[in-house]
Amino acid sequence: MKMYLLDAGGAGLLVAFIALGILFLFIAILLEAIIMTVFKYNVFKKAFLHSLIVNVASLCVGFILQEFFSDGLDTSQWVILLILYGVTLVVETPLLYAMNRSKPLFKAIQVSLVMNFLTYIILYLFSM
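According to our numbering, the sequence shown is numbered sequentially starting from 6.
Below, the structure is given as structure tokens:
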């Protein structure tokens with residue numbers, strides 16, 4: 006057996022995982038923009054941009070947290086998702102409000118809770 010083929014296969018697998026991650030991120034941004042539009046928080050184009058911004062910020066925080074918890078959390082997947090959901094809300098809600106100061110804070114909290122809840126349901130389904 007030639008071992009270098011396994012390395013090439015590993016690279017292909019890595020590309021597939023990266024592609025799935027990008028696909029999930031795009032779906033999350035699109036879904037969140039739709040939710041903001043349905044809640045009349047923003048028009049779709051502006052909602053898409055704001056969703057992109059808050060998700061990139063949240064993703065960056067996730068990468069930083071991953072460094073601190075690189076050994077992994079010794080707990081169930083549900084607990085980890087709940088913790089990550091809380092962190093996402095703490096990161097995204099203030100950013101969303103800051104970009105939409107004309108909207109009430111309660112509306113930003115409401116939209117953030119719903120859009121991220123649905124995103125985390127999709128994340129859970131992706132991780133099954």
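For glycine and all other residues, C-beta sits at the position ideal for the given N, C-alpha and C. Since we're looking at a predicted model, the values are computed, not measured.
Query raised in the report: Going straight from the alpha carbon of V119 to that of I85, what length do you get?
Result: Rounded to whole angstroms, V119 and I85 show a C-alpha spacing of 19 Å.
Requested in this report: With a threshold of 16 other CB atoms inside 10 Å of the CB of L101, please say whether the residue is buried or exposed.
Outcome: Within 10 angstroms of the beta-carbon of L101 lie 16 or more other beta-carbons, which makes it buried.
Requested in this report: Give me the Cα-Cα distance between K45 and A113, rounded to the nearest whole angstrom.
Outcome: For the pair K45 and A113, the Cα-to-Cα distance works out to about 11 Å.
Requested in this report: Counting only runs of 4+ residues fully inside the region 19 to 80, write out the alpha helix (DSSP H) ranges in chain order.
Outcome: Within the region 19 to 80, the complete alpha helix (DSSP H) runs of at least 4 residues fall at 49 to 73.
Report task. Go through its chain and collect everything with a Cβ distance to L57's Cβ below 6 Å, but skip five positions before and after it. Result -> Result list for L57: I34, in chain order.
Requested in this report: Report yes or no: is there a C-beta of chain B within less than 8 Å of the C-beta of L28?
Outcome: Protein chains in the displayed structure number just one, and chain B is not present.
Query - Reduced DSSP secondary structure (H/G/I, E/B, other) of I126 - result: If DSSP states are grouped into helix, strand and coil, I126 belongs with the helices.
Query raised in the report: Looking at the unbroken alpha helix (DSSP H) that takes in P99, where does it start and where does it end?
Result: Per DSSP, P99 belongs to the alpha helix (DSSP H) from 82 to 104.
Requested in this report: Decide if the region 56 to 73 is in contact with the region 89 to 96; the criterion is three or more beta carbon pairs, one per stretch, under 8 Å apart.
Outcome: Inter-segment contact for the region 56 to 73 and the region 89 to 96 is present: three or more beta-carbon pairs are separated by less than 8 Å.
Query raised in the report: Does the beta-carbon of A52 have 16 or more other beta-carbons within 10 angstroms, so that it is buried, or is it exposed?
Result: Flag for A52 reads buried.
Query - 6 Å CB neighbourhood of E37 in its chain, flanking five on each side removed - result: Closer than 6 Å at Cβ, skipping near neighbours: S56, M120.
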